[in-house]
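Visitor:
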Ligand code: SF4
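Residue numbers (the numbering used here): 4 to 337.
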């Protein structure tokens with residue numbers, strides 16, 4: 004009897020890789036592969052990597068080095084910088100597997116579902132590799148998105164999240180993100196819709212109103228701050244100031260009093276002073292985030308900030324991370 008081939012998927016990084024892992028699994032199962040309960044037992048290992056942080060790249064590198072000692076087939080996918088791709092190619096890693104990119108959603112009875120509405124980013128924040136790994140923003144048609152949402156509703160999924168690197172700059176012909184949210188929330192069924200992730204510069208009044216008024220839209224907004232210092236924000240190429248951000252938060256809280264606000268913050272961006280850090284603490288005190296995801300700045304080759312010196316020692320970044328986590332927890336609005 005011919006032994007059925009098995010696969011195992013290891014996904015690093017953000018929700019895009021998690022969504023991709025689901026699609027990839029579906030394609031492999033159509034090709035006759037069976038999920039292996041562990042990495043050790045798999046014939047084929049798919050690693051969905053993330054070049055955004057050096058730490059993830061190092062983890063993938065060490066995992067690939069171990070896997071290469073076995074006879075497993077290894078495929079690397081995900082968000083990969085050209086310089087990282089070259090390094091992995093030199094290690095003998097493959098980057099494609101026929102049919103792995105065109106697929107549908109997996110899982111027989113999932114409670115939550117991700118629907119990718121687009122990929123890529125045009126913003127070129129100075130620290131970020133995404134515009135280089137994913138390219139410019141490219142969005143899917145509302146018809147296709149609505150089709151996938153309907154499919155999930157039919158499967159009994161109650162919690163659906165629309166995802167894109169910059170979800171609130173969605174545009175397809177004449178439909179913007181507000182139009183898309185309205186169309187999705189008009190669908191029949193018992194479900195809630197969320198979305199990730201937003202750029203503060205694209206958080207329009209119309210979008211806030213739609214979140215406030217449509218019952219099927221979750222009252223949750225993830226609004227990456229990155230830094231509370233207008234000087235650092237400028238060097239990050241974020242296109243808003245501390246004051247712009249605080250005004251936006253005020254507007255959101257006024258329209259959606261029960262909103263669950265979360266954020267992303269980078270500590271130790273090159274040249275960040277104690278005053279700059281003080282501005283970030285000030286925004287946390289005023290914004291009352293429910294949760295903040297803190298990253299320690301890590302220089303990535305090819306980005307604009309790579310040319311700046313990584314001036315803040317790791318110990319200092321760790322100290323700031325702890326202060327921010329504690330302050331966010333003590334200051335969260337319940
Ligand atoms: S908006 Fe987000 S994905 Fe785009 S460059 Fe900035 S941090 Fe990266």
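Think of the CB as a built atom: it goes at the ideal place given N, C-alpha and C, for glycine as much as any other residue.
Straight-line CA distance for residue 314 to residue 132?
Guide: Residue 314 and residue 132: Cα-Cα distance of roughly 20 Å.
Visitor: Hey, residue 186 and residue 224 are a contact pair by Cβ (cut 8 Å); roughly how many whole angstroms apart?
Guide: The pair is not a contact, with the Cβ atoms about 20 Å apart (cut-off 8 Å).
Visitor: Within the present structure, is the beta-carbon of residue 302 separated from the nearest heavy atom of the ligand SF4 by less than 8 Å?
Guide: no
Visitor: Looking only at its own chain, which residues have a Cβ that is under 6 Å from the Cβ of residue 202, when we skip the five neighbours before and after it?
Guide: Result list for residue 202: 169, in chain order.
Visitor: Going by other Cβ atoms of all chains shown within 10 Å of its Cβ, with 16 needed for buried, is residue 41 buried or exposed?
Guide: exposed
Visitor: Under 8 Å: does the beta carbon of residue 194 sit that close to some heavy atom of the ligand SF4?
Guide: no
Visitor: Just the Cα atoms here: how many angstroms apart are residue 319 and residue 305?
Guide: 25 Å
Visitor: Which one of 59, 17, 49, 226 has the shortest CA to CA distance from residue 29?
Guide: 49
Visitor: Can you tell me the Cα-Cα spacing of residue 43 and residue 90, whole angstroms?
Guide: 24 Å
Visitor: Let me know if residue 270 comes out buried or exposed under the rule of 16 or more other beta-carbons within 10 Å of its beta-carbon.
Guide: Flag for residue 270 reads buried.
Visitor: Measuring only the C-alpha atoms, how far is residue 238 from residue 231?
Guide: 12 Å
Visitor: Could you work out which residue in 254, 302, 199, 211 is closest to residue 129 when comparing CA atoms only?
Guide: 302
Visitor: Is residue 55 helix, strand or coil by DSSP?
Guide: coil
Visitor: Rank 194, 73, 60, 93 by C-alpha distance to the C-alpha of residue 82 and give the top, closest one.
Guide: 60
Visitor: Could you check what DSSP says for residue 179 in three-state terms: helix, strand or coil?
Guide: strand
Visitor: Could you check which residue in 298, 158, 274, 336 has the C-alpha nearest to that of residue 308?
Guide: 274
Visitor: Can you find the residues in the same chain that come closer than 8 Å, C-beta to C-beta, to residue 18, ignoring five residues on each side of it along the sequence?
Guide: 117, 164, 166, 199
Visitor: Pick out the complete alpha helix (DSSP H) segments inside the segment 264-329, 4 residues or longer, and give them in chain order.
Guide: 277-290
Visitor: Can you pull every residue whose C-beta falls closer than 6 Å to some heavy atom of the ligand SF4, listed in chain order?
Guide: 124, 126, 127, 128, 131, 133, 134, 168, 169, 202
Visitor: Expressed to the nearest angstrom, what Euclidean distance is found between the alpha-carbon atoms of residue 265 and residue 33?
Guide: 38 Å
Visitor: According to the Cβ coordinates, are residue 16 and residue 51 closer than 9 Å?
Guide: yes
Visitor: Specify the secondary structure class of residue 122 as computed by DSSP and reduced to three states.
Guide: In the three-state DSSP reduction, residue 122 falls in the strand class (E or B).
Visitor: Closer than 8 Å by C-beta to residue 127: which residues in its own chain qualify, once you throw out the five before and the five after it? Chain order, please.
Guide: 134, 240, 307
Visitor: Reducing DSSP to helix, strand and coil, say where residue 196 ends up.
Guide: strand
Visitor: How big is the Cα-Cα spacing for residue 317 and residue 190?
Guide: 49 Å
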